[in-house]
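The structure appears right after this line, and notes come after that.
Number of protein chains: 2
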Amino acid sequence: MSNPFRPTGAQVWTDLAEHHQNVRELSLQALFDDDPRRFDAMHCRAAGLVLDYSRNHVTLKTLDLLQRAAEAVALPEKVEALLNGAEVNTTEHRPALHTALRDFSGRAPHREDVEYTLARMSAFVRALHAGEWRGATGKPVTDVVNIGIGGSDLGPRMVTDALYDYHAGPRCHFVANIDRAELDRTLAGLSPETTLFIVASKSFTTLETLRNAESARAWLRDVVAREGDLGRHFIAISANVKRAVEFGIDADHVFPMWDWVGGRYSLWSAIGLSIALAVGMDHFNALRRGAFDMDEHFRTAPVLENLPALLGLLGVWYGNYWQAASHAVLPYAQALRQFPDFLQQLAMESNGKSMRLDNNAADYSTSPVLWGSVESYGQHSFHQLLHQGTQLIPVDFIATLHGGTDDMHHPWLLANCLAQARAMMTGKSYEAAREELIAQGMAEKEADALARHKQMPGNRPSNIILLERVSPAQLGALIALYEHRTYVQSLLWQINAFDQWGVELGKALSRRIHNELTGGTVDASLDSATRGLIELYKAAAEE
Amino acid sequence: MSNPFRPTGAQVWTDLAEHHQNVRELSLQALFDDDPRRFDAMHCRAAGLVLDYSRNHVTLKTLDLLQRAAEAVALPEKVEALLNGAEVNTTEHRPALHTALRDFSGRAPHREDVEYTLARMSAFVRALHAGEWRGATGKPVTDVVNIGIGGSDLGPRMVTDALYDYHAGPRCHFVANIDRAELDRTLAGLSPETTLFIVASKSFTTLETLRNAESARAWLRDVVAREGDLGRHFIAISANVKRAVEFGIDADHVFPMWDWVGGRYSLWSAIGLSIALAVGMDHFNALRRGAFDMDEHFRTAPVLENLPALLGLLGVWYGNYWQAASHAVLPYAQALRQFPDFLQQLAMESNGKSMRLDNNAADYSTSPVLWGSVESYGQHSFHQLLHQGTQLIPVDFIATLHGGTDDMHHPWLLANCLAQARAMMTGKSYEAAREELIAQGMAEKEADALARHKQMPGNRPSNIILLERVSPAQLGALIALYEHRTYVQSLLWQINAFDQWGVELGKALSRRIHNELTGGTVDASLDSATRGLIELYKAAAEE
Chain W
1 MSNPFRPTGA
11 QVWTDLAEHH
21 QNVRELSLQA
31 LFDDDPRRFD
41 AMHCRAAGLV
51 LDYSRNHVTL
61 KTLDLLQRAA
71 EAVALPEKVE
81 ALLNGAEVNT
91 TEHRPALHTA
101 LRDFSGRAPH
111 REDVEYTLAR
121 MSAFVRALHA
131 GEWRGATGKP
141 VTDVVNIGIG
151 GSDLGPRMVT
161 DALYDYHAGP
171 RCHFVANIDR
181 AELDRTLAGL
191 SPETTLFIVA
201 SKSFTTLETL
211 RNAESARAWL
221 RDVVAREGDL
231 GRHFIAISAN
241 VKRAVEFGID
251 ADHVFPMWDW
261 VGGRYSLWSA
271 IGLSIALAVG
281 MDHFNALRRG
291 AFDMDEHFRT
301 APVLENLPAL
311 LGLLGVWYGN
321 YWQAASHAVL
331 PYAQALRQFP
341 DFLQQLAMES
351 NGKSMRLDNN
361 AADYSTSPVL
371 WGSVESYGQH
381 SFHQLLHQGT
391 QLIPVDFIAT
401 LHGGTDDMHH
411 PWLLANCLAQ
421 ARAMMTGKSY
431 EAAREELIAQ
441 GMAEKEADAL
451 ARHKQMPGNR
461 PSNIILLERV
471 SPAQLGALIA
481 LYEHRTYVQS
491 LLWQINAFDQ
501 WGVELGKALS
511 RRIHNELTGG
521 TVDASLDSAT
531 RGLIELYKAA
541 AEE
Chain Z
544 MSNPFRPTGA
554 QVWTDLAEHH
564 QNVRELSLQA
574 LFDDDPRRFD
584 AMHCRAAGLV
594 LDYSRNHVTL
604 KTLDLLQRAA
614 EAVALPEKVE
624 ALLNGAEVNT
634 TEHRPALHTA
644 LRDFSGRAPH
654 REDVEYTLAR
664 MSAFVRALHA
674 GEWRGATGKP
684 VTDVVNIGIG
694 GSDLGPRMVT
704 DALYDYHAGP
714 RCHFVANIDR
724 AELDRTLAGL
734 SPETTLFIVA
744 SKSFTTLETL
754 RNAESARAWL
764 RDVVAREGDL
774 GRHFIAISAN
784 VKRAVEFGID
794 ADHVFPMWDW
804 VGGRYSLWSA
814 IGLSIALAVG
824 MDHFNALRRG
834 AFDMDEHFRT
844 APVLENLPAL
854 LGLLGVWYGN
864 YWQAASHAVL
874 PYAQALRQFP
884 DFLQQLAMES
894 NGKSMRLDNN
904 AADYSTSPVL
914 WGSVESYGQH
924 SFHQLLHQGT
934 QLIPVDFIAT
944 LHGGTDDMHH
954 PWLLANCLAQ
964 ARAMMTGKSY
974 EAAREELIAQ
984 GMAEKEADAL
994 ARHKQMPGNR
1004 PSNIILLERV
1014 SPAQLGALIA
1024 LYEHRTYVQS
1034 LLWQINAFDQ
1044 WGVELGKALS
1054 RRIHNELTGG
1064 TVDASLDSAT
1074 RGLIELYKAA
1084 AEE
């Protein structure tokens, strides 16, 4: 999309476009050379996190314009609207009150519901940890399997993995895929007598989740002979108590899901039960507290000291003025290996849309592709493209100041992170590459040619986000940071971050095609490719 | 990059640009409606795989032009050059002979080296499986830990995971990250007495790998008291025998790496030892054989029936004419959950470059970002953006015809895959969305508005690649398919797919910054941000 970016009638969008023309040739290295205090001016803190945004294509003028862009979409008012429960999810006439789930101020709506549910979670965690909750044959629970998909999976899966060092409960496993292989591999090491399943589905009709729950129930049946006893091995997190009870779960063991919390924002709710079981309720509350601290920062800090606002504005600056089509998030911490997967849902399901809040089509780009992997893996893989590829890809590096007591590893990890950020910024000139080769004894003619392949353009922007460590509180703050970044971007793009209509058609079609794969008449109005592949499947099934 | 794409002086690039103007408004659905035989014409087979490329923005004219594009870069000759050992890696003056590692024709170079190494691998696998290879305290090996990174990790890690159903040896684990947490989590469940480490590093100096190997050696020392006995717990895959011996590995237990195989193409070599240990030598050879079948297909099939050529050409069609900035690969098979990570290295480290073979800078886009995840996870996450986002993102769907015996799962998995491909193609019109809402009883005015958010533009292209199942042979063919796709694209972009100079600067910088983090004087010429973060680290370390 190459239309000018004008999400509202304000002048600032045009001013930013003009300003982009003025700064697009500036070198990041020159900006640092010109201002020895650039780092001092361009890093800030919130909830224990440090954001260094100095390696971006921004001058003080850019920041001033970005601040005006935030004003043009009424950012402070919209933040209050979000936190106070206004109907920010306009197409579904709902608020998006994930912040209420971690409120420690007493101001947020739904306080009683939240506190009551937290008390229930706490009691359940205590009973299970104490061995009071037992399976049908009288044994305590050693393994918990969360069956859910999307928001009922990615959040708790990522957090539980990230907080591995804090585990103090049963082993927690996660099954999402309708491919039975995931369930089978998970159950291979477990005993039915000591396994508890959490079935997480708002409607209790999610295809993948129900199929896996049914297969889990069948796996239990051989051991747990009497049907009624299955209730000792299943709890649910759902808004549909009736369906859960029909499945065989006690109504008392159904934890709630609410319309005012979206799936991809729900790990702070009962959906976080697997987290609480793995690390204990205190650490779960520390996670919530870290997020609350970020919420308070988001609500109160001025735009240019506001971490979520800065990240959101910078993303739009690159996406809509520099035409960056993707954004890489690279955590230098093994604990955060699943963080990019989690962020893919958060960013792309929230803002991968083309229709504006005013029901007109956006004629500009909205969410870029978000991708990344745990580091230092990527340095030996796709960093080649980040350094020498033909696209501008802004990067968020995430690292920790502390990383265990082994000096042979963590300082190298952090050094690699800082080195990548600096290498992307400075690059390497043709002359420097050529001199190196000649100093190594290479003939001039060969050096002339090879240096062209070794030069790196540099001038590639990045943020560095530093945590003290991947603790529950810091992780909570980090997640909230990206949640709010996503909201800020939705405001700038003038879209609703909280619906997801784009996933509906596929669901309906899959029911129809499943029917045709399994014996139903194949509709002649289907395209020839879908029909052809259905026939291939049927032929293979008869082999 | 918006320059016209003219990688060579041939006319075809301009013809393609003109043709793009003619077809860019065509609807995929209309192409199907106009030609009932489109699927018949646009699917083909190789090595047991089916490629359905009918849902692409191509007409017969497009295919004709793409075939001419292949001729313009002398594709058949270049394929022969690759397979025969020509110096296709021009900047390093090396061939790229990964195909020789899986040659079953007797024609490929280095036959003796390959067969001798396979025989050594086979003997080692047999001895370990038979319990003849024992640890220092006399116990057989139950767990193997491969320590490597990049090409010495991603390939064997992905294949070993994908072939889980074929495991018949010790448990195989993989450690790559210099973050000690990965090693610690891996070793937590293992016994030093029964653990064997494979240290995989061509130079035997790779920072991450050596640090992890040293920490593994320290972990063993308490149990394996005599230093000499450490040799029973370590083998190496390396070109540097001297360094491996200095580390404490017997020269007889060093398997070779060769200059004529690149890291990201090396899983077919001794780097695949962990695969062979996990699934046995027969299955490893079946993997090689499947890849060989694809090599033969690549060498002999006409361009428009040639799977790697078609995938490569289509990728360039979208990247350089439709300005697609990324490409999604979505495997509908839990076994292939790590396949996108593997492909990220293959595609982006190979072709994420700006310098041409003729030492001139490319003035057009080269490798797009490759991303994706195992399905059906993504359907509940980023598919929102694929359906309703503002970018054109071509997709490769990968699925299997067979998927175990449980009819409750696999037909649904495949139905979901076919449904996503169809939904991306057909979309949903505003009128259809509106009618549905009114039929559900919604007031007209509200339906008018909401239907705008529920409509989907469709016309989004995809390939479907069908495997019979994720067997060793089919997986081998699938990997070779993408290897050759990558090579085809490098020819079209006129770049060297086999070097990776872009990763060098970061490595050098990280040594310098590590020194500064750990007490060395901080160079005042460093940018203020890097210096500032080093100071933050030092202050935190003193806390």
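Residue numbers (the working numbering), protein chains in the order written: chain W, 1 to 543; chain Z, 544 to 1086.
Note that CB positions come from ideal geometry on N, CA and C, so glycine has one too.
Keep in mind that this is a model prediction, so the values were computed, not measured.
Residue j beta carbon less than 8 Å from that of residue i
i: Z/VAL702; j: Z/LEU810; result: yes
i: W/ALA335; j: Z/ALA724; result: yes
i: W/HIS387; j: W/ALA423; result: yes
i: W/SER367; j: Z/LEU640; result: no
i: Z/ASP595; j: Z/PHE575; result: no
i: Z/LEU1076; j: W/ILE464; result: yes
i: W/ILE271; j: W/GLY131; result: no
i: Z/LEU853; j: Z/LEU592; result: no
i: W/ALA168; j: W/GLY280; result: yes
i: W/THR62; j: W/VAL114; result: no
Endpoints, the beta strand (DSSP E) within which residue i is located
i: W/PRO546; result: Look at the range of chain W in this structure, 1 to 543, and you will see that residue 546 of chain W is not part of it.
i: W/ASP41; result: Per the sequence presented here, residue 41 of chain W reads as Ala, with Asp not at that position. Element bounds for W/ALA41: not the beta strand (DSSP E) but the alpha helix (DSSP H), 38-41.
i: W/ASN463; result: 462-467
Contact with chain W by residue i, beta-carbon distance below 8 Å
i: Z/ASN546; result: no
i: Z/THR551; result: no
i: Z/ALA1040; result: no
i: Z/PHE882; result: no
i: Z/ALA590; result: no
i: Z/SER864; result: Sequence check: residue 864 of chain Z is Tyr here, not Ser. No, Z/TYR864 lies away from the interface with chain W (no Cβ there is under 8 Å from its Cβ).
i: Z/ASN1006; result: no
i: Z/LEU1052; result: yes
Alpha helix (DSSP H) segment containing residue i, residue limits
i: W/HIS253; result: From DSSP, W/HIS253 is part of no alpha helix (DSSP H); its letter is neither H nor E.
i: Z/VAL668; result: 654-672
i: W/TRP501; result: Unbroken run through W/TRP501: none, as it is neither H nor E.
i: Z/ALA1125; result: This structure gives no information on residue 1125 of chain Z, because the portion of chain Z shown stretches from 544 to 1086.
i: Z/LEU929; result: 926-931
i: Z/LEU820; result: 816-822
i: Z/TRP860; result: 850-863
8 Å Cβ cutoff, residue i in contact with chain Z
i: W/ASN177; result: yes
i: W/TRP501; result: yes
i: W/LYS139; result: no
i: W/SER528; result: yes
i: W/GLU246; result: no
i: W/GLU468; result: yes
i: W/ARG434; result: no
i: W/SER525; result: no
i: W/GLY506; result: yes
i: W/THR486; result: no
Residue i - partner residues in DSSP beta bridges
i: Z/ARG598; result: The partner list for Z/ARG598 (beta bridge, DSSP) is empty, contrary to what the question assumes.
i: W/ILE147; result: W/VAL175, W/VAL199
* Does the segment 344-358 of chain W touch the segment 259-279 of chain W, meaning 3 or more C-beta pairs lie closer than 8 Å? -> These segments touch.
* Asked: Are three or more beta carbon pairs between the segment 981-992 of chain Z and the segment 493-500 of chain W nearer than 8 Å?
  -> With fewer than three CB-CB distances shorter than 8 Å, the segment 981-992 of chain Z does not count as touching the segment 493-500 of chain W.
* Would you call the segment 413-422 of chain W and the segment 360-374 of chain W touching, i.e. three or more CB-CB distances under 8 Å? -> Short answer: they don't touch.
* Are there three or more Cβ pairs, one per stretch, closer than 8 Å when the segment 271-290 of chain W is compared with the segment 452-463 of chain W? -> Counting Cβ pairs under 8 Å, fewer than three are found: no touch.
* Asked: Can at least three beta-carbon pairs, one atom from the segment 183-202 of chain W and one from the segment 891-907 of chain Z, be found at a separation below 8 Å?
  -> At 8 Å Cβ cutoff, the stretches do not touch.
* Asked: Within the chosen definition, does the segment 640-649 of chain Z reach the segment 609-628 of chain Z through at least 3 CB pairs nearer than 8 Å?
  -> Short answer: they touch.
* Asked: Do three or more CB pairs link the segment 512-528 of chain W to the segment 858-874 of chain Z at distances below 8 Å?
  -> The answer is no - the segment 858-874 of chain Z does not touch the segment 512-528 of chain W, with fewer than three Cβ pairs under 8 Å.
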